[in-house]
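The block underneath contains the structure these notes are about, expressed in structure tokens.
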Amino acid sequence: MPESAASRALRLGVAGPVGTGKSSLIATICRALADEIRIGVITNDIYTDEDARFLRSAGVLEPERIVAVETGACPHTAIRDDVTANLLAAEDLERAFAPLDMVVIESGGDNLTATFSPALVDAQIFVLDVAGGGDVARKGGPGIGRADLLVVNKTDLAPYVGVDVPQMVADATAARDDRPVLALSRTDAASVAALRAWVLTVLAAHRAGSHIPQDPGPMAPHFHADEDGTGFLHTHEDGAAPHAHATGDAEHSHADHVHP
Ligand SMILES: Nc1nc2c(ncn2[C@@H]2O[C@H](COP(=O)(O)OP(=O)(O)OP(=O)(O)O)[C@@H](O)[C@H]2O)c(=O)[nH]1
Ligand SMILES: [Mg+2]
Numbered sequence: 149m150p151e152s153a154a155s156r157a158l159r160l161g162v163a164g165p166v167g168t169g170k171s172s173l174i175a176t177i178c179r180a181l182a183d184e185i186r187i188g189v190i191t192n193d194i195y196t197d198e199d200a201r202f203l204r205s206a207g208v209l210e211p212e213r214i215v216a217v218e219t220g221a222c223p224h225t226a227i228r229d230d231v232t233a234n235l236l237a238a239e240d241l242e243r244a245f246a247p248l249d250m251v252v253i254e255s256g257g258d259n260l261t262a263t264f265s266p267a268l269v270d271a272q273i274f275v276l277d278v279a280g281g282g283d284v285a286r287k288g289g290p291g292i293g294r295a296d297l298l299v300v301n302k303t304d305l306a307p308y309v310g311v312d313v314p315q316m317v318a319d320a321t322a323a324r325d326d327r328p329v330l331a332l333s334r335t336d337a338a339s340v341a342a343l344r345a346w347v348l349t350v351l352a353a354h355r356a357g358s359h360i361p362q363d364p365g366p367m368a369p370h371f372h373a374d375e376d377g378t379g380f381l382h383t384h385e386d387g388a389a390p391h392a393h394a395t396g397d398a399e400h401s402h403a404d405h406v407h408p
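Numbers 149 to 408, taken from this note's numbering, label the letters of the sequence shown in order.
Below, the structure written as structure tokens:
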């Protein structure tokens, strides 16, 4: 008989553009909760195990509980199109350290359109940072629009990059039809407490069987530029009507395109 989702660890995905603070956020979650709940972590990197090494060196979890999956391809492939490697890693971790309460999976940094398949995670966090610009939240996309939690990270940097955090949070909230948005800085204890509380709420709902994994929707078609200035349109045709735009513009030119 298939195991019911509620009887295994909560699988929590963390996605978002390169460098927005995904690994740091996972370190923060571990630091805040490792004494209370049993956590395992899976990192995805294209060619290295850099993020796993960062998290091991942060000393927030036993090193053996942090495993790296080298995806060797577009990061979104391993979290959306073929999740096998990540699923096997999650099952291995859950078996090796049974019983685990939560397995956190970090996507390799990608563009604004990357989301986890609900076949891999029960809930997902999408991470933006203020340094990416205050207008990013307004641009939408499946992760910004429909991840279980949107984090606006590194708020401590806002004064230096001229971003109005309350405005960015208000724009994000509007883009998300009032789904939760959290302004976070690892240096702001109140925001870390709010993140901790959110994770515990989702975990409790998962255990109670009342948490329903959401699919934020497939990636928008996006453009992969080649070195010679040409490229190809990459579509993920698992639901939405794919469509092409005029190409020749910047790489991932459809990253900010939302499919309602
Ligand atoms: N000021 C500030 N810097 C932060 C914060 N969180 C993360 N950083 C820094 O942002 C940089 C990127 O953080 P990471 O956690 O490696 O980001 P990431 O999203 O995991 O990066 P990739 O996995 O490479 O996509 C590092 O230099 C972190 O120290 C924060 O709250 N405030
Ligand atoms: Mg990382």
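We treat Cβ as the ideally placed atom computed from N, Cα and C, and that holds for glycine.
Nearest C-alpha to N234 among I253, G164, E242: I253. The shortest C-alpha to C-alpha distance from D325 to any of A342, P307, L298, T303 is the one to L298.
With respect to the 7 Å criterion, V313 and A279 are not classified as neighbours on the basis of their beta carbons.
In this structure, the C-beta of D319 stays at least 6 Å away from each heavy atom of ligand 2.
Counting C-beta atoms within 10 angstroms of its own C-beta, A285 has 16 or more neighbours from the protein chains shown and is therefore classed as buried. Sixteen is the threshold: when 16 or more other Cβ atoms of the shown chains lie within 10 Å of the Cβ of V189, as they do, the residue is buried.
Distances taken from the Cβ of D312 to the heavy atoms of ligand 2 include none shorter than 6 Å.
Put simply, the backbone Cα of A342 is about 10 Å away from that of L348. Between A154 and R355, the CB-CB gap stays under 7 Å.
Per the coordinates, the alpha-carbon of V162 lies some 15 Å from the alpha-carbon of G293.
Annotation for S339: T303, L330, A331, L332, S333 place their beta carbon closer than 8 Å to its own, counting only its chain and skipping 5 residues before and after. Residue V208 holds the alpha-carbon nearest to the alpha-carbon of I185 among T219, V208, Q272, S358.
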